[in-house]
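K.L.:
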DNA sequence: GTCTATAATAGGATAGAC
DNA sequence: GTCTATCCTATTATAGAC
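Chains as they are written, first to last, in this note's numbering: chain A, 799 to 989; chain B, 799 to 989.
Right under this line is the structure:
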């Protein structure tokens, strides 16, 4: 097996285990067992357990960052931008649920430098979303409310979609997208 | 110090540490250190680390269960009941944020029997809330949508309020309550 | 009720053979 | 690239002195 395939496989399997049991409850022996190798062999592909976590979380954080940066720059209404953001969360949740779950649950187990990078990206994400909300408010597209509360109620739902989706896989993505937008936006959009 | 005071103090301190670092990242030495005693002394008050977690989580789950059971039995509209449920989440989050955080993050580290009890209570909670939503839908108080999605988008926000509140303590509870109800319900209530 | 000492186990990581 | 063997440390929990 080529080195990079193996590494990818390790990271992917780790994401699944971390999601199920939490980072600290998964041992390198557990991970190796799931891959059908011995724990020592893992270190030919990765430098440490934390490096795996960093790969899982930071790659996913970069995905989210890229999406919102693109959306931010578009020439569209704020409401349309919020809809695109909702869609990007649905897409990423469906595409890599275990990675998104890890990002949500285990970021605090990153060490120094990786933790810093993650927090920077998260702050950037929230601040970009905040700008979109406030601009929408100024242009009377969005109800004048506490923007922090809107930011929170939106993100809290989008960030935990990974908990809900597996139990409701039967729902069409297009239906989910439409209903979730309705659900989250109708409360904050001027009629 | 009386035995029960000490036990309460242990559970409360544990909840704070679990919230900050996650159950598995907190050692009995860490916990003892915060209490100014040695790890071995903890076992005069509690039987195991997991028993502390169970106390934290199950007591909080019982609080939530009691609240929703009371609300369910009242002679009020479904929307009024949802407002009461939102309020109970705000109250419990403010009152015992660390406990609520643990319940959300560390329930999967409960063992056999306690895990079972927790999941039973959670299922009961969700099924009661589901009934309220569906009744409201039948009475045309709530927009006809996928009830599972409404259930999820409500709960996802209410359950993670503990993440948001500490950063926004300056907001008046009455304002938070009013704006959050607006935010969460206006999207699902018939105009 | 708290201490010291220690048992028993599990964890991350490395060395070196193949 | 994977293995066995092993190091070193950390962990939960108990025994028994004070």
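The beta carbon of each residue, even a glycine, is placed where N, CA and C say it ideally should be.
Could you give the first and the last residue of the continuous alpha helix (DSSP H) run that contains residue 908/B?
P.N.:
By one-based count along the second chain, residue 908/B stands at place 110. Careful: residue 908/B lies outside any alpha helix (DSSP H) and carries neither H nor E.
K.L.:
How should residue 925/B be labelled, buried or exposed, when 16 other C-beta atoms within 10 angstroms of its C-beta is the threshold for buried?
P.N.:
Within the second chain, residue 925/B is the residue found at index 127, counting from 1. Burial call: exposed.
K.L.:
Taking the straight line between their C-alpha atoms, what separation do you get for residue 820/A and residue 937/B?
P.N.:
Locating residue 820/A in the first chain gives position 22, where the first residue counts as 1. Locating residue 937/B in the second chain gives position 139, where the first residue counts as 1. Between residue 820/A and residue 937/B, the C-alpha separation is close to 42 Å.
K.L.:
Is residue 984/B close to chain A, meaning its C-beta is less than 9 Å from at least one C-beta of that chain?
P.N.:
Counted from its first residue, the second chain places residue 984/B at position 186. Closer than 9 Å: yes.
K.L.:
Tell me which residues share the same chain as residue 905/B and place their Cβ nearer than 7 Å to its Cβ, disregarding the 5 neighbours each side in the sequence.
P.N.:
The sequence position of residue 905/B within the second chain is 107, counting from 1. Closer than 7 Å at the Cβ level, and outside the excluded window around residue 905/B, lie 855 and 916.
K.L.:
Does the beta carbon of residue 950/A sit closer than 9 Å to a beta carbon anywhere in chain B?
P.N.:
For the purposes of this step, residue 950/A is taken as residue 152 along the first chain, with counting starting at 1. Yes, its Cβ sits closer than 9 Å to a Cβ of chain B.
K.L.:
To which residues of the same chain is residue 974/B closer than 7 Å at the C-beta, ignoring the five residues directly before and after it?
P.N.:
As a working note, residue 974/B is residue 176 in the second chain. Closer than 7 Å at Cβ, skipping near neighbours: 888.
K.L.:
What number of angstroms, rounded off, separates the C-alpha of residue 892/A from the C-alpha of residue 810/B?
P.N.:
The residue labelled residue 892/A in the question sits at position 94 within the first chain. The residue labelled residue 810/B in the question sits at position 12 within the second chain. Roughly 38 Å separates the two Cα atoms.
K.L.:
Pop quiz: residue 990/A and residue 803/A are said to be a contact at Cβ under 8 Å. What is the actual Cβ separation, rounded to whole angstroms?
P.N.:
The question about residue 990/A has no answer, for chain A in this structure spans 799 to 989.
K.L.:
For residue 971/B, is the classification buried or exposed, using 16 other Cβ atoms within 10 angstroms of its Cβ as the cut-off for buried?
P.N.:
On the second chain, position 173 is the one that residue 971/B refers to. Label assigned to residue 971/B: exposed.
K.L.:
Apply the 10 Å Cβ neighbour rule to residue 934/B and answer buried if 16 or more other Cβ atoms are within range, or exposed otherwise.
P.N.:
In the second chain, the residue the question calls residue 934/B occupies position 136. Burial call: buried.
K.L.:
Give me the chain B residues within the contact set of residue 943/A, using Cβ-Cβ distance strictly less than 9 Å, ordered along the chain.
P.N.:
Here the question's residue 943/A lines up with position 145 in the first chain. Near residue 943/A (Cβ distances below 9 Å), the residues of chain B are 977, 980 and 981.
K.L.:
At a Cβ threshold of 9 Å, is residue 974/B touching chain A?
P.N.:
Here residue 974/B refers to the residue found at position 176 when the second chain is read from its first residue. So, interface residue.
K.L.:
Should residue 894/A be labelled buried (16 or more other beta-carbon atoms within 10 Å of its own) or exposed?
P.N.:
Counting from one through the first chain, the residue named residue 894/A turns up at place 96. It counts as buried.
K.L.:
Is the beta carbon of residue 956/B less than 9 Å from the beta carbon of residue 877/B?
P.N.:
On the second chain, residue 956/B is found 158 positions in, with the first residue counted as 1. On the second chain, residue 877/B is found 79 positions in, with the first residue counted as 1. Against a cut-off of 9 Å, the Cβ pair of residue 877/B and residue 956/B comes out as no contact.
K.L.:
I think residue 843/A touches residue 808/A, with their Cβ atoms under 8 Å apart; what is that distance to the nearest whole Å?
P.N.:
Residue 843/A sits at position 45 when you count from the first residue of the first chain. Residue 808/A sits at position 10 when you count from the first residue of the first chain. Confirmed, Cβ separation roughly 6 Å.
K.L.:
Under three-state DSSP, which class holds residue 887/A?
P.N.:
Along the first chain, one-based indexing puts residue 887/A at 89. Looking at residue 887/A - three-state DSSP - the assignment turns out to be helix.
K.L.:
Starting from the beta carbon of residue 906/B, find every residue of chain A whose beta carbon is closer than 9 Å, and list them in chain order.
P.N.:
In the second chain, residue 906/B corresponds to position 108, counting from 1. Within chain A, the residues near residue 906/B are 818, 819, 820 and 823.
K.L.:
I think residue 981/B touches residue 825/A, with their Cβ atoms under 8 Å apart; what is that distance to the nearest whole Å?
P.N.:
Counting from 1 along the second chain, the entry for residue 981/B is found at position 183. Counting from 1 along the first chain, the entry for residue 825/A is found at position 27. About 42 Å separates the two Cβ atoms, so there is no contact after all.
K.L.:
Given this structure, state the Cα-to-Cα distance separating residue 921/A from residue 932/A, to the nearest angstrom.
P.N.:
Within the first chain, residue 921/A is the residue found at index 123, counting from 1. Within the first chain, residue 932/A is the residue found at index 134, counting from 1. In a straight line, the C-alpha of residue 921/A is about 16 Å away from that of residue 932/A.
K.L.:
Could you check which residue in 827/B, 846/B and 903/B has the C-alpha nearest to that of residue 858/B?
P.N.:
The sequence position of residue 858/B within the second chain is 60, counting from 1. The option with the nearest alpha carbon to residue 858/B is 903/B.
K.L.:
Is residue 806/B helix, strand or coil by DSSP?
P.N.:
By 1-based counting over the second chain, the position of residue 806/B is 8. The answer is helix: DSSP assigns residue 806/B an H, G or I state.
K.L.:
Which two residues bound the contiguous alpha helix (DSSP H) that contains residue 898/A?
P.N.:
Locating residue 898/A in the first chain gives position 100, counting from the first residue. Residues 895-904.
K.L.:
Does DSSP put residue 875/B in a helix, a strand or coil?
P.N.:
Indexing the second chain from 1 puts residue 875/B at position 77. The answer is coil: DSSP assigns residue 875/B none of H, G, I, E or B.
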